[in-house]
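Heads up: the structure comes next, in structure tokens.
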Amino acid sequence: MNKHALFLKPQVFIALGLMMLLLLGTEPSFASSTSGGGLPFDSWLTKISNSITGPFAFSVSIIGLVAAGAALIFGGDMNGFMRSLIFIVLVLAFIIAAKNTLSAITGKGAQIGTHSVHSTRVAS
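Its first residue numbered 1, the sequence shown is counted upward by one per residue in full-length UniProt numbering.
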């Protein structure tokens with residue numbers, strides 16, 4: 001018997017079709033059984049995220065950028081440890097400031113009121 005003849009039997013096609021049907025049919029039911037946001041650490045992670053990206057953190061990051069830049073420019077002779085600490089402050093301040101600046105530019109979090117929706121008439 002030819003080994004390729006096994007794959008040409010109708011029973012194999014029916015079995016493969018049923019397996020595909022079962023796999024594709026159960027996927028939506030698995031997705032609907034889970035509900036996101038039920039993790040025990042979601043609330044405090046959200047608080048930390050809001051604290052890091054809030055207006056106070058943005059102000060502190062701008063002050064940190066200016067202070068670290070001034071320390072690097074006018075600091076004179078610093079040892080390697082102090083220099084690496086200043087670079088860490090500079091990078092963290094830059095990341096926080098960039099995230100807040102980007103969200104301010106792109107308009108993330110803006111709410112569209114009901115008065116902003118305009119109805120247009122089509123001239124006939």
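We treat Cβ as the ideally placed atom computed from N, Cα and C, and that holds for glycine.
### Task
Would you check if the distance between the CB atom of residue 104 and the CB atom of residue 61 is smaller than 7 Å?
no
### Task
Throw me the rounded Cβ distance for the residue 90 and residue 69 pair, which I believe falls under 8 Å.
7 Å
### Task
Please work out which residues of its chain come closer than 7 Å, Cβ to Cβ, to residue 111, disregarding the five sequence neighbours upstream and downstream, and give them in chain order.
In this prediction, residue 111 scores a pLDDT of 45, lower than 50, which makes its location untrustworthy; the coordinate-derived value is nonetheless stated afterwards. Cβ neighbours of residue 111 beyond the five flanking positions: none.
### Query
Does the distance from the C-beta atom of residue 86 to that of residue 71 stay below 7 Å?
yes
### 7 Å Cβ cutoff met for residue 100 and residue 41
no
### Query
Where in the region 8-90 do unbroken runs of the alpha helix (DSSP H), each at least 4 residues long, occur, reported from the N-terminal end onward?
10-33, 42-52 and 55-74
### Query
Alpha carbon to alpha carbon, what distance is there between residue 44 and residue 84?
30 Å
#### Entry: Distance, residue 39 Cα to residue 125 Cα
Not covered by the structure: residue 125. The range shown for the chain is 1 to 124.
#### Entry: For residue 106, the three-state DSSP class (helix, strand or coil)
helix
### Message
For residue 80, count the other beta carbons within 10 Å of its own beta carbon; 16 or more makes it buried, fewer makes it exposed. Which is it?
### Response
exposed
### Query
Going by other Cβ atoms of all chains shown within 10 Å of its Cβ, with 16 needed for buried, is residue 64 buried or exposed?
buried
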